[in-house]
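Novice: Submitted below is the structure of interest, expressed as structure tokens.
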Amino acid sequence: MKYQFPEGFLWGSATAALQIEGGAAADGRGPSVWDVFCREHPEKIFERATPDVTCDHYHRYEEDVRWIRELGHNAYRLSISWPRLFPEGSGALNQAGVDFYRRLFDLLRSNGVTPHVTLYHWDLPDALARRGGWENPETIAAFEAFAAACFEHFGDQVELWSTLNEPGWTTLNGYVTALHPPGKTDLKAAVQVATNFLIAHARVARSFHKAGRRGKIGLALNLSPVYPATDTAEDRQAASLADAIFNRWFFEPLLLGRFPEEALALYNRCGFLPEISADDRALLAAPSADFVGVNYYYPHHVSAEASGNDFHLNTSGRQDENCRFSIGGLFRFVRNPRGQYTDWAWEIHPDGLYELLIRLRDLRPDLPVYVTENGIGRVEELAGGTVDDQERIDFVRLHLEAIHRAIQAGCPVRGYFMWALMDNFSWINGFKKRYGFLFIDRQTLARYPKKSAAWFREAARRNGF
Ligand code: BG6
Numbered sequence: 014m015k016y017q018f019p020e021g022f023l024w025g026s027a028t029a030a031l032q033i034e035g036g037a038a039a040d041g042r043g044p045s046v047w048d049v050f051c052r053e054h055p056e057k058i059f060e061r062a063t064p065d066v067t068c069d070h071y072h073r074y075e076e077d078v079r080w081i082r083e084l085g086h087n088a089y090r091l092s093i094s095w096p097r098l099f100p101e102g103s104g105a106l107n108q109a110g111v112d113f114y115r116r117l118f119d120l121l122r123s124n125g126v127t128p129h130v131t132l133y134h135w136d137l138p139d140a141l142a143r144r145g146g147w148e149n150p151e152t153i154a155a156f157e158a159f160a161a162a163c164f165e166h167f168g169d170q171v172e173l174w175s176t177l178n179e180p181g182w183t184t185l186n187g188y189v190t191a192l193h194p195p196g197k198t199d200l201k202a203a204v205q206v207a208t209n210f211l212i213a214h215a216r217v218a219r220s221f222h223k224a225g226r227r228g229k230i231g232l233a234l235n236l237s238p239v240y241p242a243t244d245t246a247e248d249r250q251a252a253s254l255a256d257a258i259f260n261r262w263f264f265e266p267l268l269l270g271r272f273p274e275e276a277l278a279l280y281n282r283c284g285f286l287p288e289i290s291a292d293d294r295a296l297l298a299a300p301s302a303d304f305v306g307v308n309y310y311y312p313h314h315v316s317a318e319a320s321g322n323d324f325h326l327n328t329s330g331r332q333d334e335n336c337r338f339s340i341g342g343l344f345r346f347v348r349n350p351r352g353q354y355t356d357w358a359w360e361i362h363p364d365g366l367y368e369l370l371i372r373l374r375d376l377r378p379d380l381p382v383y384v385t386e387n388g389i390g391r392v393e394e395l396a397g398g399t400v401d402d403q404e405r406i407d408f409v410r411l412h413l414e415a416i417h418r419a420i421q422a423g424c425p426v427r428g429y430f431m432w433a434l435m436d437n438f439s440w441i442n443g444f445k446k447r448y449g450f451l452f453i454d455r456q457t458l459a460r461y462p463k464k465s466a467a468w469f470r471e472a473a474r475r476n477g478f
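Quick note on this note's numbering: the sequence shown kicks off at 14 and runs consecutively.
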């Protein structure tokens with residue numbers, strides 16, 4: 014075997030509540046901001062898909078845990094639906110929601126599967142969204158109460174907690190590109206929301222630690238290495254700024270207890286500096302994560318030539334539909350002419366993951382890392398009860414090789430979660446973009462293991478490949 018992983022390495026896949034559960038109105042669940050966004054702006058979602066049913070995991074979780082076991086995973090990353098526990102975002106707890114997750118965690122554990130649980134994977138209760146969402150400090154307080162309820166009710170079943178999934182990506186799309194709810198382009202609000210997420214994480218982590226809870230708490234960050242499009246001083250400067258805004262704004266407070274100077278200087282010039290109370294400032298000055306989760310899909314290539322704002326994501330999977338991201342006067346993301354791209358125009362670049370891991374190691378050599386998401390969205394069809402997704406096998410293998418190299422170089426990576434366990438509601442991409450080890454027949458919702466599931470099962474069994 015060429016790539017032997019450390020003993021105890023976690024081999025699993027990931028999902029998020031809104032993307033797989035369905036049961037949107039079942040047993041007292043309240044609406045989330047995504048349910049409402051899809052209802053009010055169906056034109057923004059590919060083929061007007063909705064998260065009402067998705068994979069119906071809420072009703073089929075027993076079958077899904079059987080699949081997880083069948084696929085040989087020893088861990089599973091999932092999220093808890095906040096509006097299933099608190100239909101109004103705060104206040105009365107919905108016991109049926111608690112019971113659902115208790116049953117699910119029990120079943121996972123009795124099948125030898127370690128749950129890695131995210132508290133917030135973008136399904137903000139609509140009641141909070143209507144009062145200003147993450148711009149409103151009330152939401153931070155409600156999140157603290159939600160987190161406390163989760164620790165209280167599931168603390169004996171869960172030992173690995175992530176407070177947030179991808180605060181950067183959700184802020185970017187909610188407050189800059191306007192592609193996700195709340196659909197705004199307001200850069201000042203974006204900086205405040207990005208900071209409020211960090212405050213929310215830090216407060217929850219503090220109470221987790223103070224209460225002496227069993228287990229570890231961290232969060233999952235979307236990280237992308239940022240390369241200058243050319244070697245000019247302008248592009249290099251633009252790339253460094255983009256790195257400060259998209260990567261360092263999030264990992265520096267967590268790992269080092271500070272914000273990147275470059276981003277602070279820009280926000281100061283623009284009048285965007287976030288409001289932070291003295292207490293929160295003190296809190297953010299101390300590292301607060303027991304581990305960091307890395308969600309890695311692709312790198313960025315940055316040009317300083319950006320005349321205006323322009324945002325577009327490929328949601329069709331058509332080769333001729335490019336992603337566009339430009340903030341006027343700052344920078345623009347460009348396509349790598351030498352890059353290899355997926356059907357949704359995301360570059361495939363496994364070395365980028367290695368570079369990120371080494372960067373984290375250099376900052377905090379002792380801090381455990383999980384690759385909490387990594388995967389490839391494809392157009393797929395069932396043939397003979399399976400899908401021949403050799404491209405996914407190659408994608409996963411190359412990224413695992415990069416992780417192995419990083420581990421050899423001293424980065425303490427403890428596990429890998431492929432996105433995703435099953436094809437799911439891919440946000441504004443609807444259902445065409447398929448990511449799963451399990452193919453979901455959209456008519457019957459039957460699950461079929463793809464060829465990649467067998468490859469991964471063997472790698473997990475041998476703890477390497
Ligand atoms: C991450 C999210 O950004 O990427 C997942 O945490 C998401 O929820 C995944 O599904 C892939 O992105 P997309 O938009 O192609 O579904």
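For every residue, glycine included, the Cβ atom is placed at its ideal position computed from N, Cα and C.
Which whole-angstrom value is the C-beta distance of residue 116 and residue 167, which I expect to be below 8 Å?
Specialist: About 11 Å separates the two Cβ atoms, so there is no contact after all.
Novice: What's the C-alpha gap between residue 14 and residue 417?
Specialist: Roughly 13 Å separates the two Cα atoms.
Novice: Applying the 10 Å Cβ sphere with the 16-neighbour rule, what's the burial state of residue 155?
Specialist: Per the 10 Å Cβ criterion, buried.
Novice: How should residue 245 be labelled, buried or exposed, when 16 other C-beta atoms within 10 angstroms of its C-beta is the threshold for buried?
Specialist: Burial call: exposed.
Novice: What's the call for residue 445, buried or exposed, on a 16-neighbour Cβ count within 10 Å?
Specialist: Residue 445 is buried by the Cβ-count criterion.
Novice: If residue 95 sits next to residue 138, beta carbons under 8 Å apart, how far is it from one beta carbon to the other, in whole angstroms?
Specialist: Contact holds; Cβ gap of about 6 Å.
Novice: For the beta strand (DSSP E) that contains residue 128, what are its first and last residues?
Specialist: Where residue 128 is concerned, the enclosing beta strand (DSSP E) stretches over 127-133.
Novice: Is residue 47 near the ligand BG6 - that is, is its Cβ less than 7 Å away from at least one heavy atom of it?
Specialist: It does not: the Cβ of residue 47 is nowhere closer than 7 Å to a heavy atom of the ligand BG6.
Novice: When you compare each of 214, 180, 119 and 120 to residue 153 by their alpha carbons, which one comes out closest?
Specialist: Among 214, 180, 119 and 120, the Cα nearest to that of residue 153 belongs to 214.
Novice: What does DSSP give as the partner residues of residue 360 in its beta bridges?
Specialist: The partner list for residue 360 (beta bridge, DSSP) reads 354.
Novice: State yes or no: is the C-beta of residue 329 nearer than 7 Å to some heavy atom of the ligand BG6?
Specialist: No, Cβ of residue 329 sits at least 7 Å from all heavy atoms of the ligand BG6.
Novice: Is the stretch 128-144 in contact with the stretch 70-82, if contact means three or more CB pairs nearer than 8 Å?
Specialist: Contact between the stretch 128-144 and the stretch 70-82 is absent, because fewer than three Cβ pairs lie under 8 Å.
Novice: Enumerate in chain order the residues of its own chain whose CB-to-CB distance from residue 211 is below 6 Å, with the five nearest sequence positions on each side excluded.
Specialist: Excluding positions up to five away in sequence, the list reads 266.
Novice: In the structure shown, what three-state DSSP assignment does residue 313 receive?
Specialist: It is a strand residue.
Novice: Using CA coordinates, which residue listed in 431, 201 and 387 is at the minimum distance from residue 279?
Specialist: Nearest of 431, 201 and 387 to residue 279, Cα basis: 201.
Novice: Along the beta strand (DSSP E) that carries residue 241, what are the first and last residues, could you check?
Specialist: 239-241 is the extent of the beta strand (DSSP E) around residue 241.
Novice: Go ahead and pull the three-state DSSP assignment for residue 229.
Specialist: If DSSP states are grouped into helix, strand and coil, residue 229 belongs with the strands.
Novice: Please work out which residues of its chain come closer than 6 Å, Cβ to Cβ, to residue 406, disregarding the five sequence neighbours upstream and downstream, and give them in chain order.
Specialist: Counting only Cβ-Cβ distances below 6 Å, and skipping sequence neighbours, we find 465 and 468.
Novice: Tell me residue 24's beta-bridge partners as DSSP assigns them.
Specialist: DSSP lists 429 as partners of residue 24.
Novice: Look up residue 183 in the DSSP assignment and say whether it is helix, strand or coil.
Specialist: Helix at residue 183.
Novice: What residue from 150, 157, 235 and 226 has the CA that sits closest to residue 186's CA?
Specialist: That would be 235, whose Cα lies nearest to the Cα of residue 186.
Novice: I need the boundaries of the alpha helix (DSSP H) containing residue 280, first residue and last residue.
Specialist: 274-283 is the extent of the alpha helix (DSSP H) around residue 280.
Novice: Would you please state the rounded distance, in angstroms, between the beta carbons of residue 45 and residue 433? I believe it to be under 8 Å.
Specialist: That belief does not hold up - the Cβ atoms of residue 45 and residue 433 are roughly 19 Å apart, past 8 Å.
Novice: To the nearest angstrom, report how far apart residue 119 and residue 93 are at their CA atoms.
Specialist: One C-alpha to the other measures close to 15 Å.
Novice: In its own chain, which residues sit with a C-beta less than 6 Å from the C-beta of residue 230, not counting the 5 before and 5 after it?
Specialist: For residue 230, where only same-chain residues beyond five positions count, the Cβ hits under 6 Å are 174, 218, 221 and 303.
Novice: Go ahead and label residue 104 buried or exposed: buried means 16 or more other beta carbons lie within 10 angstroms of its beta carbon, across all protein chains shown.
Specialist: Result: exposed.
Novice: Residues in the same chain with beta-carbon distance under 8 Å from residue 481, minus the five sequence neighbours each way, listed in chain order, please.
Specialist: An answer regarding residue 481 cannot be provided, because it is not within the stretch 14 to 478 covered by the chain.
Novice: Would you report the Cα separation of residue 395 and residue 172, rounded to the nearest angstrom?
Specialist: Answer to the nearest angstrom: the Cα atoms are 37 Å apart.
Novice: Pull up the distance between the alpha-carbon of residue 274 and that of residue 345, whole angstroms please.
Specialist: When rounded, the distance between both Cα atoms is 21 Å.
Novice: How many whole angstroms separate the CB atoms of residue 8 and residue 198, which I take to be in contact at a CB cut-off of 8 Å?
Specialist: As displayed, the chain neither begins before 14 nor continues past 478, which places residue 8 out of reach and without an answer.
Novice: Pull up the DSSP beta-bridge partners for residue 386, would you.
Specialist: Paired residues: 308.
Novice: Report yes if the C-beta distance between residue 233 and residue 385 is below 8 Å; otherwise report no.
Specialist: Cβ distance < 8 Å, so residue 233 and residue 385 count as in contact.
Novice: Kindly indicate the opening and closing residues of the beta strand (DSSP E) around residue 451.
Specialist: 451-453 is the extent of the beta strand (DSSP E) around residue 451.
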